[in-house]
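Residue numbers (the numbering used here): 198 to 715.
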């Protein structure tokens, strides 16, 4: 039923290709007319005898081959017209949509069958995936017999790296392998995100007794399996019963590409909201290929058509110049360039402002992206404009953009947090400038001076609290001074969380829905 509803919205991305159909019909009519004209008219001879007496019957075979070619060409012309009826995944949705990584810290992850160990290989893959998703919000959960939040979704990969290095089976308060606990925690994190998210399990297996506890609904879920034996039958059962897409770890990045494809499939609905449709013309290549298989019958081979069909079946590359416009829309060419990480070219092709702005930001042109989004008075445009201005260090402009976002949607918690952060950055910079040079306002026209870093006891004492706001440099210096290792910190925090959960009173039973019958 959903397919029929999608077909009701069928459209053509390149309708001018349908002009080839009348030309092909004219060619078919000409061939038929020629065949009739060349057919001998001898009514006094029975047709079955006439067929046996005529020399050169291969002409009919060649005529039928021409009709096969014309039929296949008609299908390819319709395919080139770009029939589309379903949303297409965004070229950057897998990089920008939130992703929560659940890392298995059970004892089996210390196994060395995958060198240097399953856990170390898992960490390597997580680091590579975070780098591949530069700019995307990524969170981290550790689980064994219980699940614990390591870092909520963040766009800063450096924060995740330090905690990732400290993760080991020894930091977990309970032994076991219960991904169901991690799934519930990840679903809670993703429920507060604006976009649909995905949970990635990096594991070597699953406890068979935990399969029944796994939530049936919730965010999309993918598992990167780091066991050399593929995880066994239990993992196959878990993938089937819990609707988890499994990907085996590889020595190259093909496993990460498979993970991204699975994430993209999970987020296709969210990407469809951008308005881009998927070109499904390739489906018509299947019946066209079946027709062309008849070429191999005796008497039907036609060498002259191979070049023409190859041209239709293999369109040129997206960067081939004006010829590419015959096969792809500008936004599709931009999507192909974006997927190839050629962000400047993608920005040139995109016509949808939201996509063009993202490509500009990935190309480092934050000011251009902000100018492009400025006329669009909607929540997403103003929010992304604020993000671009922050990256471009125009903090006052970012305040204006986030203020406009909050005005458009007063309930937007994320925009309000970014607005407060931009204001704190401005206040911090003003305070820092005043501390360095109290008379800076009176020396705007003076020559530039030399500023030296404070050393020894020349620094200013600061008390760090939970509400203290630090610059990136100050936070990095403070982290370097912390003597507690990340593993020790995580071990203590997880133990406290587990003890708190154990001592918590049981949850009250759910209240029956008021709409049901008592």
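The beta-carbon is built from N, C-alpha and C at its ideal position, and this holds for glycine as well.
Are the CB atoms of residue i and residue j nearer to each other than 9 Å?
i, j, result
"residue 399", "residue 298", "yes"
"residue 309", "residue 209", "no"
"residue 272", "residue 485", "yes"
"residue 452", "residue 421", "yes"
"residue 417", "residue 396", "yes"
"residue 281", "residue 476", "yes"
"residue 413", "residue 383", "no"
"residue 491", "residue 394", "no"
"residue 306", "residue 407", "no"
"residue 695", "residue 371", "yes"
"residue 419", "residue 456", "yes"
"residue 612", "residue 580", "yes"
"residue 576", "residue 617", "no"
"residue 550", "residue 569", "yes"
"residue 562", "residue 544", "yes"
"residue 229", "residue 526", "no"
"residue 348", "residue 302", "no"
"residue 574", "residue 598", "no"
Could you say which of the options lies nearest to residue i if we only look at CA atoms?
i, options, result
"residue 586", "686, 479, 329, 558", "558"
"residue 364", "296, 346, 309", "346"
"residue 560", "535, 549, 574, 300", "535"
"residue 588", "622, 397, 329", "622"
"residue 460", "476, 475, 447, 442", "442"
"residue 683", "334, 357, 269, 230", "357"
"residue 431", "445, 409, 390, 404", "404"
"residue 231", "576, 263, 241", "263"
"residue 326", "603, 361, 312", "361"
"residue 690", "304, 344, 222", "344"
"residue 270", "241, 300, 246, 220", "220"
"residue 322", "631, 478, 444, 692", "444"
"residue 387", "224, 415, 411", "415"
"residue 436", "630, 300, 409", "409"
"residue 458", "359, 330, 249, 688", "330"
Can you round the beta-carbon distance between residue i and residue j to whole angstroms, since I take them to be within the 8 Å contact cut?
i, j, result
"residue 318", "residue 424", "Wrong, their Cβ atoms sit about 10 Å apart, outside the cutoff."
"residue 214", "residue 294", "Their Cβ separation, rounded to whole angstroms, is 33 Å, which puts residue 214 and residue 294 out of contact at 8 Å."
"residue 488", "residue 265", "5 Å"
"residue 594", "residue 567", "7 Å"
"residue 547", "residue 556", "6 Å"
"residue 350", "residue 336", "4 Å"
"residue 531", "residue 552", "7 Å"
"residue 352", "residue 334", "6 Å"
"residue 592", "residue 619", "5 Å"
"residue 354", "residue 328", "7 Å"
Can you tell me where the alpha helix (DSSP H) with residue i in it begins and where it stops?
i, result
"residue 376", "376-387"
"residue 583", "576-588"
"residue 527", "527-536"
"residue 566", "563-570"
"residue 354", "354-362"
"residue 594", "592-605"
"residue 429", "429-438"
"residue 197", "With the chain represented from 198 up to 715, any question about residue 197 goes unanswered, as that position is not in the structure."
"residue 318", "315-329"
"residue 487", "482-490"
Quick one: give me the first and last residue of the beta strand (DSSP E) that residue i is part of.
i, result
"residue 337", "335-340"
"residue 548", "Careful: residue 548 lies outside any beta strand (DSSP E) and carries neither H nor E."
"residue 398", "395-400"
"residue 418", "417-422"
"residue 349", "344-351"
"residue 717", "No information on residue 717 is available, as it lies outside the stretch 198 to 715 that the chain covers here."
"residue 445", "442-445"
Kindly indicate if chain E contains any beta-carbon less than 9 Å away from that of residue i.
i, result
"residue 631", "Although the question refers to chain E, the structure presented lacks it and comprises just one protein chain."
Less than 8 Å separating the Cβ of residue i from some heavy atom of the ligand MG?
i, result
"residue 532", "Absence of the ligand MG from the depicted structure is noted, as is the absence of any ligand whatsoever, leaving it without description."
Exercise. For the 8 Å Cβ check, are there 3 or more pairs between the region 368-376 and the region 338-356?
Worked result: The region 368-376 vs the region 338-356: in contact.
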